[in-house]
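> Handing you a structure now.
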Amino acid sequence: MAVKTQSYYVPAQSPWPIVGAVGLFLLASGAGMWAAGIAGIWGPVVFAAGTLVMTFMLFGWFGNVIDEAHSGLYSEQMDRSFRQGMSWFIFSEVMFFGAFFGALFYARVLAVPWLGGAGNNAMTHEVLWPEFNPIWPLVLTPGGIETTAMGWFGLPLVNTIILLTSSVTVHFAHLALLQEQRARLKQWLGGTVLLGALFLGLQAWEYVHAYRDLGLRLDSGIYGNTFFLLTGFHGAHVTLGTLMLFIMWLRVNKGHFTPAQHFGFQASSWYWHFVDVVWLCLFVFVYIL
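Residue numbers for the sequence shown, in this note's numbering: 905 to 1193.
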């Protein structure tokens, strides 16, 4: 690797931010059309196009950063900037999921009891929905849509074990990197990527089971909304984390990273541990309680 420069490197203009914005727009548009059942086959097609654009952007942008790092353009100050940037990014993701957990808290602790007549809301209960039974999860909507709650045992428990195991394997991969054991590093990191892919496959299976067997859908009232929003956005983050770790695995196979310089790997592992913690909160508050 080239000797690091001591000046602060300012990169040239890059096309990747606008490519990422286009990819996110396609993802959001496709997901919206798909969920709403409009535009026929175009919803899944636009969503798939957005996924491809985002994957292309990740590989391209990561490639540019890797080339710059191996050209010796980054100083110690630049390394600190990367660490601060990743820390703030994860903090923003904490706030993102905090908003959805807050919505779940509001619905379960405040809105549902109020609708059931708690406190001074007896008149609200009688006028809006006299037959309402304020017990979570709500398996009956005012429109008469019935559903079945997703239990914690089975696929959710298996996926929890998978993600917890993947957190251990990525930690062992980090230890192998620090000890300069390249073979073990490749094995532990590759195993983490496979566990992430397995999690996503089982979550897709869980969604099929929810729609086909339980009648649990996005239109299944507040319970269906919160269930799919929380687990769906988490699945999107697992997808991103798996892609990041896969890119790190490719870099490891090219001989990148040393015990002293491996922040790309470290940032990906930080993100993966964050994803695991979010899932534990989901498992407790969405599936069990």
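Idealized CB from N, CA, C, for every residue including glycine. Note that the structure is a prediction, hence the values are computed from the model and not measured.
Hey, could you find the ends of the alpha helix (DSSP H) Ile922 is sitting in?
Against the sequence shown, residue 922 aligns to sequence position 18. 920-940 is the extent of the alpha helix (DSSP H) around Ile922.
> Ignoring anything shorter than 3 residues or poking outside the segment 947-1028, list the beta strand (DSSP E) runs there in chain order.
none
> If I'm right that Tyr1191 touches Pro1060 with Cβ under 8 Å, what's the distance once you round it to whole angstroms?
Along the sequence shown, read from residue 1 onward, the residue named residue 1191 stands at position 287. Along the sequence shown, read from residue 1 onward, the residue named residue 1060 stands at position 156. Indeed, because the Cβ distance is near 5 Å, the residues count as touching under 8 Å.
> Starting from Gln1107 and walking both ways along the alpha helix (DSSP H), at which residues does that stretch end?
Translated into positions along the sequence shown, residue 1107 becomes position 203. Where Gln1107 is concerned, the enclosing alpha helix (DSSP H) stretches over 1086-1113.
> According to DSSP, Leu1044 sits in a beta bridge with which residue or residues?
Sequence index remark: in the sequence shown, residue 1044 carries index 140 (1-based). In the DSSP output, where bridge partners are listed per residue, Leu1044 has Glu1050.
> What is the C-beta distance between Glu972 and Pro915, in whole angstroms, given that I count them as a contact (C-beta under 8 Å)?
The residue labelled residue 972 in the question sits at position 68 within the sequence shown. The residue labelled residue 915 in the question sits at position 11 within the sequence shown. Confirmed, about 7 Å.
> What span of residues does the alpha helix (DSSP H) with Gln1170 cover, start to end?
For the purposes of this step, residue 1170 is identified with residue 266 of the sequence shown, where counting begins at 1. Looking at the DSSP string, the run of the alpha helix (DSSP H) that includes Gln1170 is 1167-1186.
> By how many angstroms is the C-alpha of Val969 removed from the C-alpha of Phe986?
The residue labelled residue 986 in the question sits at position 82 within the sequence shown. The residue labelled residue 969 in the question sits at position 65 within the sequence shown. Rounded to the nearest angstrom, the two C-alpha atoms are 11 Å apart.
> Measure the alpha-carbon distance for Met1183 versus His1138 and round it to whole angstroms.
Here residue 1183 refers to the residue found at position 279 of the sequence shown. Here residue 1138 refers to the residue found at position 234 of the sequence shown. The amino acid at residue 1183 is misidentified as Met; the sequence shows Trp. So the alpha carbons of these two residues sit roughly 7 Å apart.
> For the alpha helix (DSSP H) containing Ile1039, list its first residue and its last residue.
As a working note, residue 1039 is residue 135 in the sequence shown. Where Ile1039 is concerned, there is no enclosing alpha helix (DSSP H), given that its DSSP letter is neither H nor E.
> By the three-class DSSP mapping on this structure, what secondary structure does Gln1159 have?
Indexing the sequence shown from 1 puts residue 1159 at position 255. In the sequence on display, residue 1159 carries Gly and not Gln. DSSP places Gly1159 in coil when its eight states are reduced to three.
> Give the range of the alpha helix (DSSP H) segment to which Ile1066 is assigned.
Here residue 1066 corresponds to residue number 162 of the sequence shown, with the count starting at 1. Note, Ile1066: alpha helix (DSSP H), 1059-1082.
> Which of the three DSSP states is assigned to Leu1118 in this structure?
Stepping through the sequence shown from its first residue, residue 1118 is reached at position 214. Note: Leu1118 maps to helix in three-state DSSP.
> Looking at Gly954: is its Cβ nearer than 9 Å to the Cβ of Ala932?
For the purposes of this step, residue 954 is identified with residue 50 of the sequence shown, where counting begins at 1. For the purposes of this step, residue 932 is identified with residue 28 of the sequence shown, where counting begins at 1. Ala932 sits close to Gly954, with the two beta carbons spaced by under 9 Å.
> What is the rounded straight-line gap between the Cα of Tyr913 and the Cα of Ala1087?
For this step, residue 913 is matched to residue 9 along the sequence shown. For this step, residue 1087 is matched to residue 183 along the sequence shown. Distance between the alpha carbons of Tyr913 and Ala1087: 34 Å.
> Taking 8 Å as the cut-off, does the segment 1077-1093 touch the segment 1101-1121 (at least 3 CB pairs, one atom from each stretch)?
no
> With H, G and I counted as helix, E and B as strand and the rest as coil, what does DSSP make of Tyr912?
The residue labelled residue 912 in the question sits at position 8 within the sequence shown. DSSP places Tyr912 in coil when its eight states are reduced to three.
> Measuring alpha carbon to alpha carbon, tell me which residue in Gly1002, Phe960, Ile1039 is nearest Val1013.
Working through the sequence shown from its first residue, we reach residue 1013 at position 109. The shortest Cα separation from Val1013 among Gly1002, Phe960, Ile1039 belongs to Ile1039.
> Tell me, please, whether the segment 1168-1188 touches the segment 990-997 by the rule of three or more beta-carbon pairs shorter than 8 Å.
yes
> With H, G and I counted as helix, E and B as strand and the rest as coil, what does DSSP make of Leu1193?
Within the sequence shown, residue 1193 is the residue found at index 289, counting from 1. If DSSP states are grouped into helix, strand and coil, Leu1193 belongs with coil.
> Which of the three DSSP states is assigned to Ala1164 in this structure?
Indexing the sequence shown from 1 puts residue 1164 at position 260. Looking at Ala1164 - three-state DSSP - the assignment turns out to be coil, as it is neither helix nor strand.
> Between the alpha carbons of Leu1098 and Gly1128, how many angstroms are there, rounded?
Taking the first residue of the sequence shown as position 1, residue 1098 is located at position 194. Taking the first residue of the sequence shown as position 1, residue 1128 is located at position 224. The alpha-carbon atoms of Leu1098 and Gly1128 are separated by roughly 29 Å.
> Determine the direct distance from the alpha carbon of Gly941 to that of Leu1120, and round the result to whole angstroms.
The count along the sequence shown starts at 1 and reaches residue 1120 at position 216. The count along the sequence shown starts at 1 and reaches residue 941 at position 37. Leu1120 and Gly941 have their C-alpha atoms spaced approximately 16 Å apart.
> Pair every Cβ in the segment 1046-1054 with every Cβ in the segment 1110-1120, then say whether three or more of these pairs are closer than 8 Å.
yes
> For the structure I just gave you, are there three or more beta carbon pairs, one from the segment 1144-1156 and one from the segment 1022-1033, closer than 8 Å?
no
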